[in-house]
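Under the numbering used here, the letters of the sequence shown match residues 143 to 1005, in that order. Glycine included, each C-beta is placed from N, C-alpha and C at the ideal position.
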Amino acid sequence: HCRSQVKSPPHAADVSAILKVCEDLGEKLDFDLFWSEWREYLSDIAFLAQNTQFKHGTNAYSANWGRFKISDSRRLKWLLRHLLAFGDLAVHLKDPGNIDTETGGDRLREHLRCLGIHKKLVYHRLRDTLGILTNGIHNGTVNFAKDLGWKPLLFFAQGVVYLAPNDSETPNSSELKEFIWNQMSGALGSRMLSGEIGFKRDGKGLKVAPQTLELFSAAELIPQIPNIIAVRVNNGKDPATPKRLEKLSLSESDKIFLSQGADIRADRIAECIFLIQKEFFFDSPKYINWMLNALEIQDKISPEETQIQSGGVNYGWYQAAAYYIAKNPTLKPEDVTEKLNQWAERLVIWASNNNLLPEHHSPIREIFYSYLTYYLEVKGWETEHTPFTHELAVYNDAKTKAAKQPICSLSSGEFQSEDQMDSVVLFKPQQYSNKNSLGGRQIKRGISKIWALEMLLRQAFWEVPAGKLEEQQPIFLYIFPAYVYSPQTAVAIKLLVNDLKRVNLWDVRKKWLEAGMKHSGLQSVTWLLDKPELGRFERDKYATEELPFMGMNHTTTLGKTLTDAWIQPAFIALMLPMLLGVKVIATTSSVPLYNNDSDFKESVIVDGPAGFWNLLGLSTSLRIQDLSSAMQRFLVACSLHLDTRSSPPDSKWQDLIKTVREVNTNVLNIFALANEGLRRDKKERPSNEEVQRYWHYAQVWVETEPKKNQHELVKLEGRYLMKLMEKLVREYCAFYQANLSESSHTILLPISKALEVILAVPQELDEEDLILQTSGQIKDAIQRQEVYKRPIIMDKSVDIATRELRELTAIHTFITTCVKELFFGLYKGDRALLQENRNRIKSGAEFTYRWLALPEKSSKSES
């Protein structure tokens, strides 16, 4: 701290001041929440704070610090001091590899030696960040390292630093790659075989993702297809078989007979048979005959009839399936699934014996191994990098007319790509590829095998179907460590990512107001789900034992506007760094903007937010010191909107931009909106609590206003308007005071009359004449009021002539402020501008009057 402030380090004589600083910081950091007796250890805390670093400027003499609570000085001066020094060095590491490339690594080892920890520091790191896939690689490496006796110590977004036995060996790269692949493929495979991912059904039937075919051999997948068909083919109210039969040239008697079996049962049989044929047997006559025999209709349907197709849709197998169901009408859907399972098991045995199954090949496995070779680094391994010439060659080949494989639109071209299948990607494939050059071939966007894995993992662990996520306007949240994660912090981030509930801003507003508009109230917001939400996906976004190195979450909305989509992620992005000391990026991009936290310095980056964000005057890149004012400004806007424009339970976030625009134009619109809300709720006047709340909204708003540049007039700032309102009301309260129970018209009589006269008098009237004429009319209006509303006249301690003179002087002072500061100063003598702001001024004046009349304000004035 002293070095950053260019000050000399404190001396022994400064101990009392240091104790005071530590106590203030402890209170500011709310030590009481987790350590009630911390003040008893104040000397110990201060000693460790000044002596954490073993450098010049320390003060390690016990006599200078008084009595310590920790009686064993060895624990204080040796164990705790070296532990803190280790932590102080660790948080300044930017990368796991720094333990070998920076001097900080040597100093960490020295502290370990002093602590008597006879272990070495090792690390792994991944030079890429995609999301769930890269988190899975990290967790797979951590799990593999456990068997080697490596204990994770420091977590980064891109890797881990471990404590390892001095005699531990470097992990075998082939074994580690196989271990990670088995974990990743196992997580995907279980969900693929349950039908959750890797398949998509459209008007042409069920489609299989290429990755599914690469993860499983034909012998493994065929027996599972009937159960997948049962999960995915559920169009019982609108079966496809009747429509398919209409396309065939059938006799009238055949139509009548087949109609008895033209339902969902036939759909499942036909789609199962055709899917297996298309993916594994490729129109093999032997397969066709085998299936007809299994259905026991080989004498009724010929092999040629089963292969009738049009536009990529098979019609023949629907005829065969309808015939089978019509022949066996008592079969239930579950009976059909059981039959299909029996046929599939027999089919695999028969096809294997006759060598009809295609040889299994897994390009995705090979590419994943290559990815690990180029990107995963473990201490002791030889580092390999992707050859640039290879990447350039792939890119150039993709640009030629003869190219068959499109280049990946989500990454570089270093790994093999394929077409964006709608069973893989979460967005609509080829959605942005409608612009083609004249005379050129159609542009196709591809996806690499690595990104295809990431997309399938997101389907598996998120509650999103393939190809439809964009319809829900997702905003992605990428959470990075601000420094490093300790194991405990990593677990906390995991819980948050898994269970972060849909934030209820009504609840946020309530907690914030209860805490007096302070951030501490947000700690009591219910952040985590009490129990899993019902639905198809009820698992954690990450497996229970896994940790999010770069935490990922996403929000969706049922609303139709961009504001609906952004309101919750904007709040979460502002809140998480304040709650957990992390860095957060909120963006519409499904691809992380950065690979690790050292790539950007800001605590919050909001990429392409809705319009309300810029109207709030907030930067899209916020440092830690900017978060408090940004959060306050955001909460004022949201709370004001909920108070004045919502219709519970509908928040009407689509109108938030109107609220922000109005308040940003003029802070007095806070009070104008408050009056609109009161009229909507059919209230004659605001309660004391409402007066105080809206007044504090305005105060927080002007306190967090972005700094104006030097060319802008100070009088346009909200601070000036609020001070002017208070000055005007205090000046007219000197000669006129109405009861709070009376109407707004009665309370605002002086300022309403003043504005009326200023707007009505001829323009050629000079400033002094305008003041005198307006003062005279105000005097006449006041004289017609009850005497108890005229505090100066009510003062019987002086004679009536003196009282009337004082009242006239007070009126003149008030009108002078109205004319000089309000009319000519703020509005430049422009009557049209004054007329436009007339109702805002009156709303602001009324709330100011009621705020000044609150009991606590009255007692302060009297004192």
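Quick check on this structure: which residue in the options has the alpha carbon closest to the alpha carbon of residue i?
i: Ile-119; options: Pro-307, Ala-987, Pro-719; result: Beyond the ends of the chain as shown, which are 143 and 1005, falls residue 119; an answer cannot be given.
i: Leu-810; options: Glu-832, Ala-840, Glu-826, Asp-230; result: Ala-840
i: Leu-357; options: Asn-881, Glu-847, Lys-725, Ala-594; result: Ala-594
i: Leu-890; options: Trp-843, Arg-980, Met-936, Gly-693; result: Arg-980
i: Ala-923; options: Ile-592, Val-903, Glu-949, Leu-907; result: Glu-949
i: Leu-976; options: Glu-910, Ile-957, Thr-955, Ile-900; result: Ile-900
i: Phe-989; options: Glu-832, Ile-934, Thr-944; result: Glu-832
i: Glu-182; options: Lys-211, Ile-549, Lys-197; result: Lys-211
i: Lys-197; options: Asp-380, Thr-698, Leu-231; result: Leu-231
i: Met-563; options: Ser-336, Pro-445, Leu-866, Ser-590; result: Ser-590
i: Arg-255; options: Ser-213, Asn-830, Leu-225, Glu-244; result: Leu-225
i: Lys-481; options: Asp-823, Asn-369, Gly-860; result: Asn-369
i: Gly-301; options: Asp-237, Lys-262, Leu-363, Arg-333; result: Asp-237
Measuring only the C-alpha atoms, how far is residue i from residue j?
i: Gly-454; j: Ser-763; result: 50 Å
i: Ser-985; j: Asp-174; result: 43 Å
i: Glu-317; j: Asp-270; result: 21 Å
i: Ile-160; j: Tyr-836; result: 41 Å
i: Lys-219; j: Ala-202; result: 8 Å
i: Ala-154; j: Asp-649; result: 50 Å
i: Asn-277; j: Asp-242; result: 23 Å
i: Gln-796; j: Glu-519; result: 47 Å
i: Ala-987; j: Leu-863; result: 11 Å
i: Pro-623; j: Ser-740; result: 9 Å
i: Thr-786; j: Leu-599; result: 43 Å
i: Ala-490; j: Asn-497; result: According to the sequence shown, residue 490 is Val rather than Ala. Rounded to the nearest angstrom, the two C-alpha atoms are 10 Å apart.
i: Pro-997; j: Gln-774; result: 27 Å
i: Asn-695; j: Ile-339; result: 19 Å
i: Arg-507; j: Ser-426; result: 28 Å
i: Glu-680; j: Leu-568; result: For Glu-680, the predicted structure reports a pLDDT of 44, less than 50, and the residue's modelled location is therefore unreliable. A value from the coordinates is still provided. So the two alpha carbons sit approximately 19 Å from each other.
i: Leu-103; j: Ala-728; result: Residue 103 lies beyond the range of the chain shown here (143 to 1005); nothing can be said about it.
i: Trp-492; j: Gly-331; result: 25 Å
i: Ala-995; j: Ile-953; result: 20 Å
i: Cys-414; j: Leu-611; result: 27 Å
i: Gln-927; j: Thr-916; result: 17 Å
i: Asn-495; j: Arg-488; result: 11 Å
i: Lys-319; j: Pro-384; result: 50 Å
i: Glu-818; j: Trp-755; result: 24 Å
Taking the DSSP output, what are the residues bridged to residue i?
i: Gln-451; result: Asn-456
i: Ala-728; result: Leu-619, Val-748
i: Lys-349; result: Lys-342
i: Arg-267; result: Gly-301, Glu-519
i: Lys-261; result: Pro-307
i: Leu-764; result: Val-746
i: Ser-789; result: Asp-792
i: Tyr-627; result: Phe-297
i: Cys-550; result: Gly-588
Looking at the secondary structure, which residues open and close the beta strand (DSSP E) in which residue i lies?
i: Val-303; result: 301 to 307
i: Met-694; result: 693 to 697
i: Ser-344; result: With the sequence shown as reference, residue 344 is identified as Asp, and Ser is not the correct amino acid for it. Looking at the DSSP string, the run of the beta strand (DSSP E) that includes Asp-344 is 341 to 344.
i: Phe-297; result: 293 to 298
i: Ile-621; result: 617 to 623
i: Tyr-203; result: No beta strand (DSSP E) holds Tyr-203; DSSP gives it neither H nor E.
i: Gly-588; result: 588 to 590
i: Ser-559; result: 559 to 561
Counting along the chain, where does the alpha helix (DSSP H) carrying residue i start and finish?
i: Val-733; result: That residue, Val-733, is in no alpha helix (DSSP H); it is neither H nor E in DSSP.
i: Gly-918; result: 909 to 925
i: Ala-706; result: What sits at residue 706 in the sequence shown is Asp, not Ala. Taken as a continuous stretch (DSSP letters only), the alpha helix (DSSP H) holding Asp-706 covers 704 to 722.
i: Gly-860; result: 860 to 875
i: Ser-939; result: Careful: Ser-939 lies outside any alpha helix (DSSP H) and carries neither H nor E.
i: Val-802; result: 798 to 807
i: Ser-885; result: No alpha helix (DSSP H) contains Ser-885, which DSSP labels as neither H nor E.
i: Asn-979; result: First-last for Asn-979: undefined, no H or E at that position.
Taking 8 Å as the cut-off, does the CB of residue i come closer than this to any heavy atom belonging to the ligand GDP?
i: Trp-220; result: This structure simply doesn't include the ligand GDP, nor any ligand for that matter.
Can we say the region 956 to 974 touches the region 895 to 903, given the rule of at least three CB pairs closer than 8 Å? yes
With three or more C-beta pairs closer than 8 Å as the rule, is the region 799 to 813 touching the region 764 to 774? no
The region 451 to 467 touching the region 389 to 401, judged by at least three CB pairs closer than 8 Å: The region 451 to 467 vs the region 389 to 401: in contact.
Touch check for the region 622 to 636 and the region 719 to 733: three-plus C-beta pairs under 8 Å? yes
Quick check: the region 933 to 947 against the region 899 to 914, are at least 3 beta-carbon pairs closer than 8 Å? no
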